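If you want this note's numbering, it's the 1-based position in the sequence shown plus 6.
Ideal placement from N, C-alpha and C gives every residue a C-beta, glycine not left out.
The model shown is predicted, which means the values in this text are computed figures rather than measured ones.
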Amino acid sequence: MPRTDPIPAAPAAPGADVSPPLPVAADRNTAPASRAPSGRRPASPRRHRLLVLLAAASFAVLPATPAHADSLREQQWALEALHTDQAWRTSQGNGVTVAVLDTGVDGSHPDLSGQVLPGRDLVGFGAAQGDPSWARHGTAMAGIIAGHGHGPDGSEGVLGIAPQARILPVRVILEGSDPAREKARKSKGGALAEGIRWAADNGADVINLSLGDDSKSAHPEAAEDAAVQYALSKGAVVVASAGNGGEKGDHISYPAAYPGVIAVAAVDRFGTHAAFSTRRWYATVSAPGVDIVIADPDRKYYEGWGTSAAAAFVSGAVALVRSAHPDLTPAQIKKLLADTARDAPENGRDDAKGYGFVDPAAAIEAGAKLSGTETRSGTADGYRKQYFGTGPDAPHEDAGQGVGLAPVAGGVGALLLAAAVVLWRGAGTRRPGHPR
């Protein structure tokens, strides 16, 4: 029988607002652990659907010695793979707001303290703060994007790709283990479209959508598409998971397939396309999505897989680019990420990885030519074609710059926790004669 041991929590930073640990549910999503999209609900009069999403389905720990809190950074292999130390010479996401449309975000988590803005709950019922079925997936995504760690020197806990970015939480879905999920599916189908518009109107520079419908019956919704186009017109970059249907038919996933969205596929620590990651024409870039360390409201840490995590990494990468070049448009940023991606497929692009592995440092450097702003020289020189690796050494004058959050290179021997991040949503029924 699989163990359910999480990675032990690191002690909170002095003065941090830490709630008592919450009990860990044995199953964090009622969706099956087979990764299959699941569930349908009767159509509402407006034919809206609720993205019911992604939260870790089960925490099966492979035989290994439990990791200590001080080894968490060593397990965050994605930070080294993304060459964040090079990107951070120019930007750590300061001045950028990333909206996380999800199950809610625990702003009291020590790894996110001071980063989470007042948000909005568009569901209005279900688990409340302090319940074990509240904000688990959303907190995990926020940590990937803007976690700053904790402790006297910030070396404990989870470090995000844009540790100075702010998080704007918008609750549009419920956790799979929430008893009110079915009620939300039937009555709150328009929450996603409303949430996208609300985020765009309330200062979001980036909108992260680590959610979606990649079932066989998935189909576009006019209200969602219109909301995405509205957000883009307001200058917000929209990032979404490509889908977790790679082993279940590779069905088109929404909102990833809406025009203008940066759709993100998942790869593992070796740069190999993750088998679960949907292969479709809309994939823009790829990012880490396997064995990803995530923070949880229970103050413990887990490792999970899914294109939801990959999307969160790219939202953080976009935050770095926007911080360095705030005048760039969503379309310019999408093209920058595609043009500067590493390990491009043989023909320049394919449905598995898009244009390649996202490279925030290279995008920042290339963005300077479009915006006319300056970046630190050599940000991306010397490793642009290298998939993983340390990149060039930082110049001596950079010592002590920023918040001092350099990651430690991840090791293959890190504790592996198979925590499934299952992406699905209930699909509304089309009118007779309409394709699905």
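Residue pairing by DSSP places residue 165 opposite 154 in a beta bridge. Membership of residue 105 in the beta strand (DSSP E) is indicated by the continuous run 103-108. Assigned with DSSP and collapsed to three states, residue 119 falls in coil, not helix or strand. Residue 268 sits in a strand when the DSSP states are folded into three classes.
Of the other Cβ atoms in all chains shown, 16 or more fall within 10 Å of the Cβ of residue 321; this residue is therefore buried. Apart from the 5 residues on each side of it in sequence, residue 233 sits with its Cβ closer than 6 Å to the Cβ of 199, 202 and 203 in its chain, given in chain order. The Cβ atoms of residue 126 and residue 181 lie no closer than 8 Å to each other. For the 8 Å CB-CB criterion, residue 88 and residue 167 form a contact.
One Cα belongs to residue 208, the other to residue 293, and the distance between them is close to 28 Å.
With a threshold of 16 other beta carbon atoms within 10 Å, residue 312 meets it and is buried.
Using a C-beta cut-off of 8 Å, the segment 283-292 makes contact with the segment 246-259, since at least three inter-stretch Cβ pairs fall below that distance. Annotated three-state conformation of residue 174 is strand, per DSSP. In the DSSP secondary-structure assignment, residue 245 is bridged to 214 and 268. By the neighbour-count criterion, in which a residue is buried when 16 or more other Cβ atoms sit within 10 angstroms of its Cβ, residue 228 is exposed. For a cut-off of 8 Å, the C-beta gap from residue 172 to residue 103 is around 5 Å, short enough to register as a contact. Assignment of residue 143 by DSSP, reduced to helix, strand and coil, places it in the helix class. Annotation for residue 294: the continuous beta strand (DSSP E) segment containing it runs 289-294. If you compare the alpha carbons of 295, 164 and 80 with that of residue 277, the shortest gap goes to 295.
For residue 260, there is no enclosing alpha helix (DSSP H), since its DSSP letter is neither H nor E. About 12 Å separates the beta carbons of residue 205 and residue 238, which is beyond the 8 Å limit, so they are not a contact pair.
Take the alpha-carbon of residue 91 and the one of residue 144: they are about 25 Å apart.
Cα atoms of residue 287 and residue 362: separation of roughly 13 Å, rounded to the nearest angstrom.
The bridge partners DSSP lists for residue 356 are 360. Under DSSP, residue 219 takes part in a beta bridge, and its partners are 260. In the three-state reduction of the DSSP assignment, residue 113 falls in the coil class, being assigned neither a helical nor a strand state. Rounded to the nearest angstrom, the Cβ distance from residue 360 to residue 327 is 17 Å, too far for a contact under 8 Å. CA-CA distance, residue 270 to residue 185, rounds to 30 Å. At the C-beta level, residue 120 and residue 170 stay beyond 8 Å of one another. As the crow flies, the alpha-carbon of residue 215 is around 31 Å from that of residue 159. Residue 315 has its alpha-carbon roughly 19 Å from the corresponding atom of residue 93.
When the alpha-carbon of residue 157 is set against those of 188, 117 and 334, the nearest one is in 117. Excluding five sequence positions before and after residue 377, the CB atoms of its chain that fall closer than 7 Å to its own CB belong to 331, 333 and 334, given in chain order.
In this structure, residue 260 sits away from residue 318, with a CB-CB distance that is not shorter than 8 Å. Rounded to the nearest whole angstrom, the C-alpha separation of residue 179 and residue 135 is 15 Å. The alpha-carbon of residue 304 is positioned some 34 Å away from that of residue 222. Cβ contact annotation for residue 349 (same chain, cutoff 7 Å, sequence separation greater than five): 277, 362, 363 and 393, in chain order.
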